[in-house]
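A short worksheet on the structure shown next.
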Amino acid sequence: MSARKGYMALLIAAAAAIIFAITRVENWGIFCLLVLALTLIGVRKDAKAISWAHFLPLGLVMLFLFYLIYHYANPMWHRVIGYQTENLRHIFNWNKSFNAIPLNDAPFFRLWQPDWLTAFFRWVYNYGFALSYWVCVIRAFFTKDVQKFGRYSLAGYLLQVPLILPFYNLILLQEVWYVQGTPDLLARDLTPEQQFATALNCFPSMHTSIAFAGFLLVIREKSLWYRWWVGSYCILIIISTMYLNIHWIIDVLAGMAFAYGCVKLADWIVGTSGYAAFARSFEALGGHLQRRITGTGARQASASRDAKQNSLGG
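In my numbering, each number is its position in the sequence shown, counted from 1, plus 961.
Following this line, the structure appears as structure tokens:
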């Protein structure tokens, strides 16, 4: 096997290992993997015309860093919730006022609730928070587009978490079922203390903001299949928050507005000259590493010298 083929095989194996590790963080089942696989259909329509050798080295580093964030995000979030529960005294308590607004609990989404539909929306909600983000990021990885990769990553999660925490620290708004004293349609076996902590942080709805940010970016892509497939999935996540009696209409709308702001901020960051310089360096370093590791540059220089000598000798 040539050095170049061995180098590419190593990069491909590393990419497969990282993507597999991502699917294991929350033990994605067959349906989650199916969503991901179908997302990759038509990816060439949105891919950038550069070689994998130029994109993969730093692309793998970025994907691995995002995986580490994902791997440790859930324990970190539980520490944040614990801190809020033990130390914070929210300035605003909106439970009663939100419950008093007619139709704010979205009852029209629950006019028909067969068991199979409830089970479906449980799956959509439980996995949607991470899955809607990751299918977009992984597909952006396969487009080999540094701008696209950065835009999805920033708008979908990296900007949202730090920017949404001030809302959650100032505003007490809990899930609809908890405020109204109705059964938890997610069927979580929680103690009263766990119910209080789990039902925190509703304004704005982060399930909605993650999904809607994905939707806003997805509809920009060229692949019609991708727009319809992932766009529909993102909308189903938003619907699930109301069908399952979790989020109020107002905090869903607030989540959509928050997502729009994060997308625009991500657009601005990716559109700066600094990010453009980073993208050029990103791709150039990949080519440099390929030449150094495989010796391509040395062979090309030697071939050039030989051709020049032959020309002079002729």
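Each residue gets a CB set at the ideal place from its N, CA and C atoms; glycine is no exception.
Distance CB(residue i)-CB(residue j) smaller than 8 Å
| i | j | result |
| --- | --- | --- |
| Ala-1067 | Ile-1196 | no |
| Gly-1117 | Cys-1097 | yes |
| Gln-1121 | Ser-1170 | yes |
| Ser-1114 | Phe-1027 | yes |
| Tyr-1086 | Thr-1202 | yes |
| Phe-1243 | Leu-1072 | no |
| Tyr-1031 | Gln-1251 | no |
Closest Cα partner of residue i within the set the options
| i | options | result |
| --- | --- | --- |
| Lys-1225 | Ala-1237, Ser-1201, Tyr-1044, Gly-1175 | Gly-1175 |
| Ala-1061 | Gln-1108, Val-1137, Ala-970 | Val-1137 |
| Ile-1125 | Ala-1218, Tyr-1194, Leu-1205, Gly-1020 | Ala-1218 |
| Asp-1228 | Ser-1193, Gln-1108, Leu-972, Thr-1202 | Gln-1108 |
| Leu-1092 | Leu-995, Val-1004, Trp-1073, Phe-1239 | Leu-995 |
| Ile-1099 | Met-1037, Ala-1158, Val-1004, Gly-1142 | Val-1004 |
| Arg-1083 | Ala-998, Ile-1200, Phe-1059 | Ile-1200 |
| Lys-1006 | Ala-1101, Pro-1063, Asn-1048, Ala-1148 | Ala-1101 |
| Asn-1130 | Asn-1048, Asp-1150, Tyr-1088, Gly-1089 | Asn-1048 |
Euclidean distance between Cα positions of residue i and residue j
| i | j | result |
| --- | --- | --- |
| Phe-992 | Gly-1248 | 37 Å |
| Phe-1164 | Lys-966 | 51 Å |
| Thr-984 | Val-1213 | 27 Å |
| Pro-1127 | Gly-1216 | 14 Å |
| Asn-988 | Ser-963 | 37 Å |
| Ile-980 | Arg-1050 | 40 Å |
| Arg-1188 | Leu-1178 | 9 Å |
| Thr-1000 | Ser-1193 | 12 Å |
| Ala-1160 | Thr-1233 | 39 Å |
| Arg-1040 | His-1168 | 19 Å |
| Ile-1011 | Arg-1253 | 18 Å |
| Tyr-1044 | Thr-1143 | 27 Å |
| Val-986 | Ala-1008 | 27 Å |
| Met-1037 | Leu-1029 | 12 Å |
| Ala-970 | Phe-1239 | 26 Å |
| Phe-1059 | Tyr-1033 | 33 Å |
| Ala-1148 | Ala-1158 | 16 Å |
| Phe-1069 | Ala-978 | 44 Å |
| Pro-1123 | His-1015 | 32 Å |
| Trp-1190 | Phe-1081 | 17 Å |
| Leu-1064 | Leu-1119 | 33 Å |
| Ala-998 | Phe-1103 | 12 Å |
| Arg-1241 | Gln-1074 | 52 Å |
| Phe-1090 | Cys-1223 | 16 Å |
| Ser-1166 | Ala-974 | 37 Å |
| Lys-1269 | Met-1023 | Low local confidence applies: a pLDDT of 48 at Lys-1269 is under 50, so the model's placement there is unreliable, with the coordinate-based value given in what follows. So the two alpha carbons sit approximately 41 Å from each other. |
| Tyr-1278 | Gly-990 | Here the chain covers residues 962 to 1275 and nothing more, so residue 1278 does not appear. |
| Asn-1162 | Asp-1076 | 27 Å |
Rounded Cβ spacing between residue i and residue j (contact assumed at less than 8 Å)
| i | j | result |
| --- | --- | --- |
| Ala-1172 | Ile-1198 | 4 Å |
| Leu-1021 | Leu-972 | 7 Å |
| Asn-1056 | Val-1140 | 5 Å |
| Trp-1186 | Lys-1105 | Contact doesn't hold; Cβ gap of about 19 Å is too wide. |
| Leu-1205 | Leu-1246 | About 46 Å separates the two Cβ atoms, so there is no contact after all. |
| Tyr-1236 | Ile-1230 | 6 Å |
| Phe-1053 | Ile-1002 | Not really, about 45 Å apart at Cβ, beyond 8 Å. |
| Ala-976 | Leu-1017 | 7 Å |
Min CB distance residue i to chain D below 8 Å
| i | result |
| --- | --- |
| Gly-1020 | Going by chain labels, chain D is absent from the structure shown, which holds only one protein chain. |
Mind the definition here: the region 1180-1187 touches the region 1152-1168 only if three or more C-beta pairs lie below 8 Å; say whether that holds. no
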